[in-house]
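Numbering that gives the first Met the number 0 numbers the first residue of the sequence shown as 0 and each following residue consecutively.
See structure below.
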Amino acid sequence: MIDYHLHGNFCGHGSGELEEYVEEALRKGFVEIGFSAHLPRVDRPDPYHAMVEEDLPRYVELVLSLRERFRGSIAIKLGIEADFFDGYEEAIGRLLDAHPFDYVFGSIHFLDGWHFSSRAGRERYDREDPDRVFPRYFALLECMVRSGLFDIAAHPDIIRKESFMPSFPLDGYYKRFAGLLVRYGMAVEVNTAGVRRGAGTPYPERLFLETCHDAGVPVTLGSDAHRPGDVGRDFKDAFALLAELGIDEVAVFESRRFSMRPIRFPA
Ligand SMILES: [Zn+2]
Ligand SMILES: [Zn+2]
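Written as structure tokens, this is what we have:
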């Protein structure tokens, strides 16, 4: 069992020492985990959302030292979650190239200045029209893939809530996006934070995941834990979904290359 989406106290909205996440993962029987703190924002500093740039070398060193300390009991990967900002590709690439990451999540948390995934962004959902938002969101998601900067599309329909879906079907968007992932050699993340953040199910929703799987896109698995207790949270929902779709392998990464490993579904 793996959990590739762990945060910690490097950003203002996360808590807990990284070591506490490792201990929690060991208690829960994980064989491999990956840290994916928020890469510093390249458009402007934002210590609530992401680490500040001075902290990036310290984060990298800390994860690498934990890897050594826990070698033999759990594999620890050095990942990062990078926001995509259109027009800032070079700045993002510079930060990513400076460190020996095993994998890089590409993420969208901001749309036209709306930090929709944050606590402060919640009330704006009531004022936005999903029929207008989803096409803009998918356009940005496609730019993100085309940038060629990332290995895994994190929580690809994170904009979704149970009460916030467009009136038209999304299958055409899903197909185009899945095709792009294949073209750019990217994986997609099954992220269980959707269960606890108002989407009702893991990201991406079933049809979206099925479309990616049918296109041949590899899958990774993450809880998006922002506190140690959330490591592996709601994984039973993810396992149920994966089993239903006949997905029995996950992608594991090293030095930004992946290989496939069989999923051991818990009894
Ligand atoms: Zn976060
Ligand atoms: Zn995220």
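Just so you know, even glycine gets a beta-carbon here, dropped at the ideal spot from N, CA and C.
Asked	Found
V251 (DSSP reduced to helix, strand or coil)	strand
heavy atom of ligand 1 below 8 Å from D82 C-beta	no
Span of the alpha helix (DSSP H), counted from its first residue to its last, around E88	88–96
beta-carbon A153 near ligand 2 non-hydrogen atom, thresh 8 Å	yes
Proximity below 9 Å, CB of V41 to CB of D96	no
DSSP beta-bridge partners of A74	E31
D85 classed as buried or exposed, judged by whether at least 16 other C-beta atoms fall within 10 angstroms	exposed
Backbone CA spacing between I91 and L148 [nearest angstrom]	8 Å
Closest residue to P99 among I79, D111, G71 (Cα-Cα distance)	I79
The alpha helix (DSSP H) enclosing E22, as first and last residue numbers	17–26
Of the listed residues F34, G221, L241, A152, nearest to Y183 (C-alpha basis)	A152
Beta-carbon separation (whole angstroms), E16 vs G28, contact threshold 8 Å	No, E16 and G28 are not in contact; Cβ-Cβ is about 21 Å, not under 8 Å.
9 Å Cβ cutoff met for L240 and L208	yes
Segment contact flag, the stretch 122–132 with the stretch 59–67, C-beta cutoff 8 Å, min 3 pairs	no
Option nearest L140 by Cα separation, candidates S106, Y58, Y124	S106
P265, buried or exposed, once every other Cβ within 10 Å from all chains shown has been counted against 16	exposed
Reference L55, options S72, S258, S222, F34, closest by Cα	F34
Counted within 10 angstroms of its Cβ, other Cβ atoms place A242 as buried (16 or more) or exposed	exposed
Spatially closest choice to R145 from E52, E22, E89, L180, by CA coordinates	L180
Supposed contact pair V251 and I1 - C-beta distance, whole angstroms, cut 8 Å	6 Å
Three-state class that DSSP yields for P201 in the structure shown	coil
Helix, strand or coil at V216 [DSSP, three-state]	coil
Sequence-distant residues of the same chain with beta carbon closer than 7 Å to V51, five excluded per side	P39, P44
Close beta carbons around G11, own chain, < 8 Å, minus the five adjacent residues each side	P46, Y47, H48
Residue(s) in a DSSP beta bridge with M259	A250
Nonlocal neighbours in the same chain, by C-beta distance under 7 Å from E19, ignoring five residues either side	P227
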